[in-house]
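Colleague: Protein chains in written order, with this note's numbering: chain X, 1 to 982; chain Z, 1 to 95; chain B, 1 to 416. We treat Cβ as the ideally placed atom computed from N, Cα and C, and that holds for glycine. Have a look at this one before I ask anything.
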Amino acid sequence: MSQINRISGGQIDRAQEVKFTFNGKWMRGHPGDTLASALLANGQRLVGRSFKYHRPRGIFTAGSEEPNALVELRKGAHQEPNTRATVTELFDGLHANSQNHRGSLEHDLMAVTDFLSPFLSAGFYYKTFMWPRAFWEKLYEPIIRKSAGLGRLSMQEDPDIYDKGYLHCDLLVIGAGPAGLMAALAAGRSGARVILADEDFTLGGRLNSETLEVGGMPGARWAKEALVELAAMGNVRLMARTTVYGAYDHGVYGALERCTDHLATSGGKPRQILWRVTSKRAVLAAGATERPIAFGNNDRPGVMLAGSVRSYANRYGVTPGQQVAVFTNNDDGWRTAADLVAKGVHVPAIIDVRDAPAVCDVPGARHIRNAGVVDTVGRKGLKSVTLTDGQMIPVDCLAVSGGWNPNVHLTCHQRGRPTWRDDISAFVPGRDLPPGMAVAGAANGAMTLAAALAEGRAVANAQIEALGFKPGKADLPRAEDEPRDCVPYWHVRESTKRGWLDLQNDVTVKDVKQSHREGFRSVEHLKRYTTLGMATDQGKTANIPALAIMAECTGKTIPETGTTIFRPPYTPVPIGALGGRSRGRDFRPYRLTPSHVWAKNNGATFVEVGNWLRAQWFARPGEKGWRDSVDREVLATRKSVGICDVTTLGKIDVQGRDAAAFLNKVYANGFAKLAVGRVRYGLMLREDGIAYDDGTTARMSENHFVMTTTTANAVLVFRRLEFARQCLWPDMDVHLISTTDGWAQFAVAGPNARNLLRKVVDAAHDISNEAFPFMACGEVTVCNGTPARLFRISFSGELAYEVAVPARYGNAMMDVLMQAGQEFDATPYGTEALGVMRIEKGHAAGNELNGQTTAHNLGMGRMVSQTKECIGNVLSQRPEMLREDAVKLVGFRPVDRDRGLIAGSHFITKGDAASMDNDQGWMSSVAYSPSLGHSVGLGFIKNGDTRMGEIVRAVSPVHGTEMEVEIVSAHFIDPAGERPRA
Amino acid sequence: MIINHPLLGPRDAAEFVYLGDAALIERPDWQARDAAEAFYEYGYLRDNPAGKHAELWYHEQGDRSWLVVTRDTTTHEITSVEMARDVARAKGRSK
Amino acid sequence: MRYSALKILREGLTGNKGWKPVWREPDPKPDYDIVIIGGGGHGLATAYYLAREFGMRNIAVLEKGWIGSGNIGRNTTIIRSNYMLPGNEPFYEMSLKLWEGLEQDFNYNAMVSQRSILNLFHTDAQRDAFVRRANAMFLAGADAELATTEQLRAELPFLDYENARFPIKGGLFQRRGGTVRHDAVAWGYARGADERGVDIIQNCEVTGFDIENAKCRGVQTSRGAIRARKVAVCVAGSSGRVMALAGMRLPIESHVLQAFVTEGLKPVLPGVITFGAGHFYVSQSDKGGLVFGGDIDGYNSYAQRGNLPVVEDVAEGGMAIMPMIGRARLLRSWGGIMDMSMDGSPFIDKTDIDGLYFNGGWCYGGFKATPASGLCYAHLLARDTPHPVARQMRLDRFKRGNLIDEKGQGNQPNLH
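Right under this line is the structure:
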């Protein structure tokens, strides 16, 4: 295909040629082209199909507001659906395919829906597909789903990488058209830190698309010179290809920079960067978007917005057609005609709805006044237009201008409402702008060039003056105010054919009228009922004309009828960019235990525990599955000695003269009288009386305590303690610091624990049972002088200690302990064996302390002191929380000892039906006990403490199983608690 | 959002953890005769205003200060930021 | 007007000019038996069931804006009954059963699509909790199904099984869960209520209550005073504001929840997928957009918009669990005001003021509850006794200590 529509001029590099394919067909373009301009140059008019009726569609605009020309860009895992050809920079080797058709683009089988359109009007689906009842799920909905959607995802992992960044500035200027450039120049020269961002790859905005002069030179050249000056300023950052997509609280803006989308490959670089811009002030200079006029069959390929046609001619050196008529309600449309003719394109007619003299002289063009287009011919490409007076004009392109809408979107992101201006028949920014934002240029309704430049400077100066900068010298370049008269004219009433408003979602004038007829009259109802403005372009060209037609129906003015709220993002943002690097294994950081390397070298299998990776078990050769390893670890620990890294438990250092009194307030049980050198188990409640966390706290000295928390709650408990310290008892002399990462801590458990530790703890420290009894603690040294802390506490139920050393010695300490333990066959154990032993011992853990259980439920009700002030004790006494028939934590074992209990089973009294009304409780934790040779469980059951020996049903309908279980004490091992005291 | 920390200057709200109404500072007297009712109200009932709201934020990714931030719940505008400890003391809390 | 295929055919052939308004636009009468404040899903459903189930007709629904403008019009359209606690599960299961018959019930196709909902788990403890929940669902007559990683791989090959930070250990399906066309629910209930004589009054804001001697006798509105024997508040995120007019403080905070939708895509997701560990859930609408969300922003807000950290956090969760969506583009985000309660569960109850009733505290889960909420509230209003499945949803439960705390987070609304 040759570039049959290429004309002179433009900002393309004709010296170089770029090859690309569309639907497999090779075409050529030039650097500086967009995919859309190159397709037009090659005479490719049909580029896509509409959503609902599968109507043939062509390129409609030259910008990000494009509703029609969406393609699947690139191949394989790089395939990007719904990519607007109008903003896709052409690169060598680009592949694009049209989307949303069955069969070829030219012969789309789904186009049959267009012929059924009378029955598929607004909201038809709410009124049908209901009979017979079963058919909706089985037949209708699958058909609807299958035909829905636009482009396809590749279904493969996104191969690109995305970065995130943070920027700060005094003034963020959004949009680099005439107003934005002038604003950036004014602010930049004053010395303020300025960011100038624009979605386009060439900054300059409409100056690149116009023949207007600025400062005595072509506007595009003036823009280039301004950009050179700005680029040279150290305090100005120019960001092309960067869309500011959202205005968030307190001057924070979201921006997306497309770094490699214009290249054939990203080459390992981030494809896009998501910037969070924190600005003190902002100037929105986002320009304006042209709107169409609705008339019969106004959706044909070849019907385009007039400003876009001008942009293709002036910026890209392309004419969308050889015979281009203009249909306009304003002066601006005339400039398209004039510019085209100046480039040698034939403009047979200018159809103006106004009964007014010619705006300018356009050689060769007939001026048809007081007229409109009622219909068009040419299903896959415009062939002619029919006017209100019946005459037909053969054309292959119709440039339509219905006036311009200021791009107020970002002014509404904090729920500001735009206001209507009759003189330009458009909404302009309202008063309630996002704090710190001001609007300049066409975005603010200053639709002409000189006015935009002046306003850009004035607004920027006001903004930076408010920040304390002295406005720099920035003379206004000479420019004209082009004629911009515009009359409100939204659709050609004489048209009897369907006139499109929302091109992508196929919403027509008739749909709006029907919506009104059925009572969907508020703007939001209109949107939701007809799907107007819900497509990928968010109704940038459709919303206002539709609103105007609804206003006509209701007899109200447009502002009375309303406006829709614009929400972020301004243009769509890839989820990959929003996710950034937080994906795959980098989704969240890993925390590694101090003995991680040792564990890795010794066959550990790891498990995620929150952000921690912990050793789950240490497999040995010959073991067939995890149970073999875990059983061995448990038995070896109970028989001799086992070692486990328990660093992940939260550790909080509590110091100060009031430390004891403070702990007495945050724990439910008493801590005021804990002796120095002793450890106590503590139960912490939430203020609502629910059990929150448990652990041990050791009194190292009079005013120094070391608290441990569960792994899961380490951060949360610390936060709550700080709250108690700062907000509830602010005068207490107590100081907190988290030392979870500061100390490596190991449980050494089993009958030989003391014998092992005697080899490690320096001899100066007497750790005999007499000198260092159960629940003792102290500062010791190990390995000839390394500082350490020793706690005689037991989670396993065995004679056990926890020894802590500074974290940097953690890995070495594990080695030392294992070497010292060699003679005792010391065994490292992981979280599974830890869990088995705590269940055997009947200790509550996460599954029991799940935020729903009280001390009463846990059998620890008496620990909750009512004789002191402490968090949670008052609300723990509410009547329903102390019910006699409350569930209680007890043990369970299967009547048939060969069966394995299932955590999550519910208990049903024998003889009762399995129903929610008869639900007696649930099994919270289960394990196979190698010590006992059968499965054991912990669970909550009503009145559990009074039902010892009762057999109940443990049902798990989700597994389709049930079994009889016996209620027993939760202390399966050493119920008298002699072992830890040995 | 940006919270202007009294000690550290403007910080991104993402560094903070939110708790709720600053009335949570005013924990009732556990020994009062109506303690059960007072704790119920303290724990469960909220003014939940559409407008100015004094609320507790914790600078978890920072200096671990609890702050009382006065913020409009309809606009998110922040009009004052105080150290919660100072507020607590001003309300007569001590030990 | 009854909708049928024939009707559509006839209208299509005659230019679609015979359609009538789906609801009338009446002026408010001076008094009603029951005035419902709030023309959202729950309020309209309440009116519908009052008329249909309890034969009451002299009812007005007052809406300050346009009907369906609250959370029924801005949610992620999910229906499910995968709750655990006896105070909740029977209620939500009844709701799901009502959804299943809804189209026939009110002759309006809200496109109830039981395409399944899946909750993924990543640890043994999460699995145990899901088994407990699944069994509770069974005990209440609901359906549940555990899936192994292998089953998930076969059914959802695009999830990240190989490179995940939190490897998928399995999931809990509720096959009867799914999605509904949310706006149509409001319209369908409005149509059904209107047909039965209920006055739906838009642009009518309640500005005060007429309370004498602890008895509510009506409301003041932007369109004048309206007397009523019973006044039923049903305003979700605005609960705090409205009940303050009656001098009541509530166990509720208003928070913002953002939700998101991508550009339309050819079908990729069969059902609803919930990645709890990553604060992300997603489904695909019949139009092809991926509809997704995550956590609430976490601070009190009536602003109906959120901020960037949560947007990014949600997208991170999405990319972590299904990295194939990286090149799908976020098209639109919105924020709704959630009436976050102190235990994450709702209220359908009388108040201390005679004649004043309250329905709220739905947190971000009100959409799926719409039919049951309407039916139970109607039951309470008509009979003055709670519906059996809503009997625990009382305002005084915190005083008594009878919490319905599915997540075990306690009295901090932003954690539910």
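Any idea which residues DSSP pairs residue 320 of chain X with across the strands?
Modeller: None; residue 320 of chain X has no bridge partner.
Colleague: From this set, X:174, X:193 and X:229, which residue's C-alpha is nearest residue 242 of chain X's C-alpha?
Modeller: The shortest Cα separation from residue 242 of chain X among X:174, X:193 and X:229 belongs to X:174.
Colleague: Please classify residue 948 of chain X: is it buried, with 16 or more other beta-carbons within 10 angstroms of its beta-carbon, or exposed?
Modeller: The residue in question, residue 948 of chain X, is exposed, as its Cβ has fewer than 16 Cβ neighbours within 10 Å.
Colleague: Would you tell me roughly how many angstroms separate the C-alpha atoms of residue 15 of chain X and residue 80 of chain X, rounded to the nearest one?
Modeller: 29 Å
Colleague: Give me the chain X residues within the contact set of residue 17 of chain Z, using Cβ-Cβ distance strictly less than 7 Å, ordered along the chain.
Modeller: Neighbours of residue 17 of chain Z in chain X, taken as residues at a C-beta separation under 7 Å, are given in chain order as 719.
Colleague: Could you compute how far the alpha carbon of residue 252 of chain B sits from the alpha carbon of residue 225 of chain B?
Modeller: 28 Å
Colleague: Strictly under 9 Å for the Cβ-Cβ distance: is residue 524 of chain X near chain B by that measure?
Modeller: yes
Colleague: Drop a sphere of 10 angstroms on the beta-carbon of residue 42 of chain X, count the other beta-carbons inside from all chains shown, and report buried for 16 or more, exposed for fewer.
Modeller: Per the 10 Å Cβ criterion, buried.
Colleague: Who are the neighbours of residue 121 of chain B on chain X, taking C-beta pairs under 9 Å?
Modeller: Those do not exist, as residue 121 of chain B stays about 11 Å from chain X at its closest Cβ, beyond 9 Å.
Colleague: Against residue 33 of chain Z, what residues of chain X qualify as contacts under a CB-to-CB distance less than 7 Å, listed in chain order?
Modeller: Those within 7 Å of residue 33 of chain Z in chain X number zero; the least Cβ separation is about 12 Å.
Colleague: Using 9 Å as the limit for Cβ to Cβ distance, is residue 299 of chain B near chain Z?
Modeller: Yes - at least one Cβ of chain Z is within 9 Å of the one on residue 299 of chain B.
Colleague: Using the Cβ count rule (16 or more neighbours within 10 Å means buried), how would you classify residue 951 of chain X?
Modeller: exposed
Colleague: Go through its chain and collect everything with a Cβ distance to residue 963 of chain X's Cβ below 6 Å, but skip five positions before and after it.
Modeller: 894, 899 and 954
Colleague: What does the alpha-carbon distance come out to for the pair residue 160 of chain X and residue 444 of chain X?
Modeller: Straight across, the Cα-Cα distance linking residue 160 of chain X with residue 444 of chain X is about 38 Å.
Colleague: CB residue 209 of chain X to CB residue 315 of chain X, shorter than 9 Å?
Modeller: yes
Colleague: Under the DSSP definition of a beta bridge, which residues are partnered with residue 421 of chain X?
Modeller: X:426
Colleague: Residues in the stretch 728-753 of chain X with C-beta within 7 Å of chain Z's C-beta atoms, listed in sequence order?
Modeller: 728, 729, 730, 731 and 732
Colleague: To the nearest angstrom, report how far apart residue 577 of chain X and residue 272 of chain X are at their CA atoms.
Modeller: 6 Å
Colleague: For residue 155 of chain X, count neighbouring Cβ atoms within 10 angstroms of its own Cβ and tell me buried if that reaches 16, exposed if not.
Modeller: exposed
Colleague: Short of 9 Å Cβ to Cβ, which residues in the stretch 25-59 of chain Z face chain B?
Modeller: 36, 37, 40, 41, 43, 44, 45, 46, 47, 48, 49, 50, 51, 53, 55 and 57
Colleague: Just to confirm before moving on: does the CB-CB distance between residue 257 of chain B and residue 335 of chain B stay below 9 Å?
Modeller: yes
Colleague: If we ignore side chains and look at the alpha-carbon of each, how far apart do residue 939 of chain X and residue 682 of chain X end up?
Modeller: 21 Å
Colleague: For residue 34 of chain Z, tell me which candidate among B:399, B:407 and B:299 has the shortest Cα-Cα distance.
Modeller: B:399
Colleague: Give the interface partners of residue 157 of chain X over in chain B, defined as CB-CB distance under 8 Å, in chain order.
Modeller: 160, 323, 324 and 326
Colleague: Report back the beta-carbon spacing between residue 609 of chain X and residue 811 of chain X to the nearest angstrom; my notes put them in contact at under 8 Å.
Modeller: Between residue 811 of chain X and residue 609 of chain X the Cβ distance is about 19 Å, and since that is not below 8 Å, they are no contact.
Colleague: I need the DSSP call for residue 596 of chain X, collapsed to helix, strand or coil.
Modeller: helix
Colleague: Quick one: which chain Z residues come within Cβ less than 9 Å of residue 284 of chain B?
Modeller: What residue 284 of chain B touches in chain Z: nothing, since even the nearest Cβ is about 30 Å away.
Colleague: So, using beta-carbon positions, are residue 67 of chain X and residue 446 of chain X closer together than 9 Å?
Modeller: no
Colleague: How is residue 525 of chain X classed by DSSP in three states: helix, strand or coil?
Modeller: helix
Colleague: When the cut-off is 9 Å and only beta carbons count, does residue 131 of chain X lie next to chain B?
Modeller: For residue 131 of chain X, the nearest beta carbon of chain B is closer than 9 Å to its own beta carbon.
Colleague: By how many angstroms is the C-alpha of residue 557 of chain X removed from the C-alpha of residue 551 of chain X?
Modeller: Distance between the alpha carbons of residue 551 of chain X and residue 557 of chain X: 6 Å.
Colleague: Measuring only between beta-carbons, confirm whether residue 24 of chain B sits less than 9 Å from chain Z.
Modeller: no
Colleague: Output yes if chain B places a C-beta closer than 9 Å to the C-beta of residue 952 of chain X; else output no.
Modeller: no
Colleague: Just to confirm the assignment: which complete alpha helix (DSSP H) runs, minimum length 4, are found wholly within the stretch 464-527 of chain X?
Modeller: 509-517
Colleague: Fully enclosed by the stretch 77-135 of chain X, which alpha helix (DSSP H) runs are 4 residues long or longer?
Modeller: 112-115
Colleague: Going by the DSSP bridge assignment, what does residue 367 of chain X pair with across the sheet?
Modeller: X:350
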